[in-house]
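*Asks:* Throughout, the working numbering is defined as the position within the sequence shown, counted from one, plus 44.
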Amino acid sequence: GVDYYVFVDGYGSPFTTYEGTYTLTIEQCIPTCASTGANCGDDGCGGTCGTCGVTENCISGQCEAAGPGDTCGDPIVVDAVPFTHSGDTSFSQKDYGYTAGSCPGGSTIFGGNGANDDVFSFTPDETGEYTIAFDGFDGNMYVVTDCADIDNTCIAGSESFGDTEEIQKTLDAGTTYFIVVDGWSDFTNSGNGPYTLTITQAGSCVPNCTSSGAECGEDGCGGSCGDCNANENCV
(Lines of atoms letter the chains of each structure in order from A and count residues from 1; the text may use other names and numbers.)
(Lines give C-alpha, C1' and ligand atoms only; values in the text may rest on other atoms or scores of the structure.)
Protein backbone atom coordinates (compact mmCIF):
# COMPACT_ATOMS: atom_id res chain seq x y z
CA GLY A 1 0.00 0.00 0.00
CA VAL A 2 3.00 2.34 0.06
CA ASP A 3 4.15 4.04 -3.15
CA TYR A 4 7.93 3.82 -3.75
CA TYR A 5 9.77 5.68 -6.52
CA VAL A 6 12.77 4.00 -8.11
CA PHE A 7 15.13 6.35 -9.96
CA VAL A 8 17.35 5.06 -12.76
CA ASP A 9 20.02 7.73 -13.07
CA GLY A 10 23.59 8.35 -14.16
CA TYR A 11 26.32 9.22 -11.73
CA GLY A 12 28.10 11.75 -13.96
CA SER A 13 29.50 15.17 -13.16
CA PRO A 14 28.29 18.44 -14.75
CA PHE A 15 30.82 17.85 -17.53
CA THR A 16 29.95 14.22 -18.42
CA THR A 17 26.60 12.60 -19.17
CA TYR A 18 26.07 8.91 -18.39
CA GLU A 19 22.97 7.63 -20.11
CA GLY A 20 21.80 4.75 -22.31
CA THR A 21 19.65 1.69 -22.57
CA TYR A 22 18.94 -0.44 -19.51
CA THR A 23 16.78 -3.21 -18.09
CA LEU A 24 15.05 -2.80 -14.74
CA THR A 25 13.70 -5.83 -12.86
CA ILE A 26 11.79 -5.91 -9.59
CA GLU A 27 11.32 -9.21 -7.77
CA GLN A 28 9.75 -10.16 -4.49
CA CYS A 29 11.43 -12.51 -1.99
CA ILE A 30 9.38 -14.16 0.73
CA PRO A 31 11.39 -15.31 3.78
CA THR A 32 11.20 -19.07 4.25
CA CYS A 33 11.21 -19.03 8.07
CA ALA A 34 7.46 -19.50 8.48
CA SER A 35 7.09 -22.14 5.79
CA THR A 36 10.05 -24.22 7.03
CA GLY A 37 9.52 -23.62 10.75
CA ALA A 38 13.11 -22.40 11.09
CA ASN A 39 14.07 -20.29 14.09
CA CYS A 40 17.64 -19.61 13.03
CA GLY A 41 19.80 -19.50 9.94
CA ASP A 42 19.34 -18.00 6.47
CA ASP A 43 15.81 -16.86 5.59
CA GLY A 44 16.40 -17.19 1.85
CA CYS A 45 16.20 -13.44 1.27
CA GLY A 46 19.52 -12.27 2.66
CA GLY A 47 18.28 -12.09 6.24
CA THR A 48 18.05 -14.47 9.14
CA CYS A 49 15.30 -16.45 10.88
CA GLY A 50 16.91 -15.80 14.26
CA THR A 51 20.06 -16.23 16.32
CA CYS A 52 20.90 -19.11 18.65
CA GLY A 53 22.29 -18.76 22.16
CA VAL A 54 26.00 -18.91 22.89
CA THR A 55 25.77 -22.58 23.91
CA GLU A 56 23.70 -23.60 20.87
CA ASN A 57 24.35 -24.32 17.21
CA CYS A 58 21.96 -23.74 14.32
CA ILE A 59 21.39 -27.10 12.63
CA SER A 60 18.86 -27.34 9.79
CA GLY A 61 17.11 -24.19 10.96
CA GLN A 62 16.79 -25.25 14.60
CA CYS A 63 18.82 -24.20 17.64
CA GLU A 64 20.34 -27.26 19.26
CA ALA A 65 22.60 -27.59 22.27
CA ALA A 66 26.24 -27.54 21.22
CA GLY A 67 28.17 -30.75 21.78
CA PRO A 68 31.81 -31.26 22.78
CA GLY A 69 34.19 -29.12 20.79
CA ASP A 70 32.14 -25.93 20.84
CA THR A 71 34.31 -24.15 23.44
CA CYS A 72 37.44 -24.68 25.49
CA GLY A 73 35.14 -25.31 28.44
CA ASP A 74 33.75 -28.39 26.69
CA PRO A 75 36.39 -29.48 24.17
CA ILE A 76 36.84 -32.73 22.26
CA VAL A 77 39.36 -34.55 24.44
CA VAL A 78 42.36 -36.24 22.86
CA ASP A 79 42.70 -39.22 25.16
CA ALA A 80 45.50 -41.05 23.34
CA VAL A 81 47.83 -40.76 20.36
CA PRO A 82 47.80 -41.59 17.55
CA PHE A 83 44.48 -39.74 17.38
CA THR A 84 42.05 -39.26 14.49
CA HIS A 85 38.79 -37.30 14.50
CA SER A 86 36.43 -36.40 11.67
CA GLY A 87 34.20 -33.38 12.26
CA ASP A 88 32.36 -30.53 10.55
CA THR A 89 32.49 -26.83 11.49
CA SER A 90 29.56 -25.87 9.24
CA PHE A 91 27.24 -25.48 12.24
CA SER A 92 29.79 -24.52 14.90
CA GLN A 93 29.95 -21.16 16.64
CA LYS A 94 32.45 -18.35 15.95
CA ASP A 95 34.14 -18.39 19.36
CA TYR A 96 37.85 -17.92 18.80
CA GLY A 97 40.52 -16.24 16.71
CA TYR A 98 43.84 -14.43 17.05
CA THR A 99 45.27 -11.09 16.09
CA ALA A 100 47.06 -11.40 12.76
CA GLY A 101 50.74 -12.16 13.32
CA SER A 102 50.43 -13.23 16.96
CA CYS A 103 50.58 -17.02 16.31
CA PRO A 104 54.00 -18.34 15.18
CA GLY A 105 53.45 -19.90 11.77
CA GLY A 106 49.89 -18.57 11.58
CA SER A 107 48.40 -15.93 9.34
CA THR A 108 49.84 -12.41 9.21
CA ILE A 109 46.62 -11.10 7.62
CA PHE A 110 43.59 -12.78 9.25
CA GLY A 111 43.15 -14.79 12.44
CA GLY A 112 39.84 -16.57 11.98
CA ASN A 113 37.79 -14.30 14.23
CA GLY A 114 34.82 -14.37 11.83
CA ALA A 115 34.80 -18.11 11.13
CA ASN A 116 33.29 -21.18 12.80
CA ASP A 117 35.64 -23.24 14.96
CA ASP A 118 36.02 -26.53 16.87
CA VAL A 119 38.27 -27.01 19.92
CA PHE A 120 40.31 -30.01 21.08
CA SER A 121 42.23 -30.41 24.34
CA PHE A 122 45.39 -32.50 24.54
CA THR A 123 47.51 -33.23 27.62
CA PRO A 124 50.53 -35.33 26.53
CA ASP A 125 51.62 -38.20 28.74
CA GLU A 126 55.23 -37.64 27.73
CA THR A 127 57.30 -34.80 26.37
CA GLY A 128 58.07 -35.19 22.69
CA GLU A 129 57.59 -33.94 19.17
CA TYR A 130 54.03 -34.19 17.93
CA THR A 131 52.52 -33.65 14.49
CA ILE A 132 49.05 -32.14 14.33
CA ALA A 133 47.61 -32.42 10.82
CA PHE A 134 44.39 -31.04 9.39
CA ASP A 135 42.72 -32.04 6.12
CA GLY A 136 39.45 -30.61 4.86
CA PHE A 137 38.53 -27.05 3.90
CA ASP A 138 40.80 -24.00 3.50
CA GLY A 139 41.30 -23.63 7.23
CA ASN A 140 43.34 -22.08 9.99
CA MET A 141 44.70 -24.19 12.86
CA TYR A 142 46.45 -23.02 16.01
CA VAL A 143 47.60 -24.36 19.40
CA VAL A 144 47.24 -22.33 22.62
CA THR A 145 47.50 -22.90 26.35
CA ASP A 146 44.89 -20.32 27.43
CA CYS A 147 41.74 -19.73 25.37
CA ALA A 148 41.09 -16.50 27.26
CA ASP A 149 44.45 -15.10 26.12
CA ILE A 150 45.05 -16.63 22.71
CA ASP A 151 47.36 -13.90 21.37
CA ASN A 152 49.84 -14.31 24.23
CA THR A 153 49.66 -18.08 24.67
CA CYS A 154 49.58 -19.26 21.04
CA ILE A 155 52.61 -21.53 20.60
CA ALA A 156 52.07 -22.50 16.95
CA GLY A 157 49.74 -21.90 14.04
CA SER A 158 49.26 -22.98 10.44
CA GLU A 159 47.27 -21.04 7.86
CA SER A 160 48.25 -21.72 4.26
CA PHE A 161 46.31 -21.60 1.03
CA GLY A 162 44.70 -24.97 0.42
CA ASP A 163 42.93 -27.75 2.26
CA THR A 164 45.71 -29.03 4.52
CA GLU A 165 47.49 -27.60 7.55
CA GLU A 166 50.24 -29.13 9.68
CA ILE A 167 51.98 -28.20 12.92
CA GLN A 168 55.09 -29.97 14.25
CA LYS A 169 55.89 -28.95 17.79
CA THR A 170 57.54 -30.27 20.95
CA LEU A 171 54.86 -30.47 23.62
CA ASP A 172 55.46 -30.90 27.36
CA ALA A 173 54.04 -33.75 29.40
CA GLY A 174 51.31 -32.67 31.82
CA THR A 175 50.55 -29.39 30.02
CA THR A 176 47.08 -28.99 28.54
CA TYR A 177 47.05 -27.61 25.00
CA PHE A 178 43.98 -26.42 23.13
CA ILE A 179 43.94 -27.08 19.38
CA VAL A 180 41.54 -24.84 17.46
CA VAL A 181 40.31 -25.83 13.99
CA ASP A 182 39.11 -22.57 12.45
CA GLY A 183 38.48 -20.74 9.20
CA TRP A 184 40.78 -18.02 7.95
CA SER A 185 38.66 -14.86 7.75
CA ASP A 186 38.05 -12.16 10.34
CA PHE A 187 34.99 -10.75 8.58
CA THR A 188 32.94 -13.52 6.98
CA ASN A 189 32.63 -17.22 7.67
CA SER A 190 35.26 -18.11 5.07
CA GLY A 191 36.56 -21.62 5.60
CA ASN A 192 34.27 -24.20 7.15
CA GLY A 193 33.02 -27.70 6.50
CA PRO A 194 34.01 -31.35 7.02
CA TYR A 195 37.55 -32.09 8.15
CA THR A 196 39.81 -34.74 9.65
CA LEU A 197 42.29 -33.96 12.43
CA THR A 198 45.14 -36.34 13.28
CA ILE A 199 47.73 -36.16 16.05
CA THR A 200 50.81 -38.37 16.07
CA GLN A 201 53.99 -38.54 18.08
CA ALA A 202 57.35 -38.84 16.34
CA GLY A 203 57.93 -42.50 15.57
CA SER A 204 54.27 -43.45 15.78
CA CYS A 205 51.99 -44.50 12.95
CA VAL A 206 48.33 -43.70 12.23
CA PRO A 207 46.34 -46.56 10.63
CA ASN A 208 44.78 -45.40 7.38
CA CYS A 209 41.56 -47.47 7.62
CA THR A 210 39.33 -44.51 8.59
CA SER A 211 40.81 -41.99 6.17
CA SER A 212 40.70 -44.43 3.24
CA GLY A 213 37.38 -46.01 4.16
CA ALA A 214 38.97 -49.47 4.03
CA GLU A 215 37.34 -52.39 5.81
CA CYS A 216 39.99 -54.96 4.93
CA GLY A 217 43.65 -55.15 3.96
CA GLU A 218 46.76 -53.51 5.40
CA ASP A 219 46.33 -50.47 7.63
CA GLY A 220 49.68 -48.91 6.72
CA CYS A 221 51.13 -49.59 10.16
CA GLY A 222 51.72 -53.31 9.96
CA GLY A 223 48.19 -54.21 11.00
CA SER A 224 44.90 -54.92 9.26
CA CYS A 225 41.71 -52.94 8.62
CA GLY A 226 39.69 -56.14 8.91
CA ASP A 227 39.10 -59.56 7.39
CA CYS A 228 36.72 -60.54 4.62
CA ASN A 229 34.25 -63.40 4.75
CA ALA A 230 35.24 -66.78 3.33
CA ASN A 231 33.48 -66.12 0.02
CA GLU A 232 34.92 -62.60 -0.44
CA ASN A 233 38.15 -61.05 -1.68
CA CYS A 234 39.70 -57.81 -0.41
CA VAL A 235 39.76 -55.45 -3.39
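In this text, a Cβ means the ideal position worked out from N, Cα and C, and glycines have one as well.
1. Name the DSSP bridge partner or partners of residue 213?
2. Bridge partners for residue 100 per DSSP, in chain order?
3. Tell me the rounded alpha-carbon separation between residue 113 and residue 62.
4. Starting from the C-beta of residue 104, find all residues in its chain whose C-beta is less than 6 Å away, skip the five residues before and the five after it, and write them out in chain order.
5. So, helix, strand or coil for residue 60, using DSSP?
6. When you compare the segment 124-131 with the segment 80-92, are there three or more beta-carbon pairs, one atom per stretch, that lie closer than 8 Å?
7. Between the Cα of residue 171 and those of 221, 86, 271, 229, spot the shortest distance and give me the residue it belongs to.
8. Could you check if residue 87 is buried or exposed, using at least 16 other CB atoms within 10 Å of its CB as the buried criterion?
9. Contact defined as beta carbons within less than 8 Å: I believe residue 158 pairs with residue 231. What is the distance between those atoms, to the nearest angstrom?
10. Which residues share a DSSP beta bridge with residue 238?
11. Please list the terminal residues of the continuous beta strand (DSSP E) segment that includes residue 198.
12. For the beta strand (DSSP E) containing residue 165, list its first residue and its last residue.
13. Under the three-state reduction of DSSP, which class applies to residue 194: helix, strand or coil?
14. Is residue 256 helix, strand or coil by DSSP?
15. Taking Cβ to Cβ, would you say residue 225 is nearer than 8 Å to residue 133?
16. Need the endpoints of the beta strand (DSSP E) that residue 226 sits in, please.
17. In chain order, what residues of the same chain lie with their CB nearer than 6 Å to the CB of residue 203, ignoring the 5 residues before and after it?
18. Flag this pair as yes or no: are the beta carbons of residue 198 and residue 146 separated by less than 8 Å?
19. Could you work out which residue in 268, 205, 239, 245 is closest to residue 252 when comparing CA atoms only?
20. How many Å lie between residue 68 and residue 200 at the Cα?
21. Taking residue 186 as part of the beta strand (DSSP E), name the residues at either end of that continuous run.
22. How is the alpha helix (DSSP H) around residue 77 delimited, first residue to last?
23. Can you check DSSP and say which residues form a bridge with residue 262?
24. Which residues does DSSP pair with residue 279 in a beta bridge?
25. In whole angstroms, what is the alpha-carbon distance linking residue 122 and residue 167?
*Replies:* Put simply:
1. 174
2. 109
3. 55 Å
4. none
5. coil
6. no
7. 221
8. buried
9. 5 Å
10. 132
11. 198-202
12. 161-166
13. helix
14. helix
15. yes
16. 221-227
17. 150, 151, 184, 228
18. yes
19. 268
20. 53 Å
21. 183-188
22. 77-80
23. 268
24. Residue 279 is not bridged to any residue.
25. 8 Å
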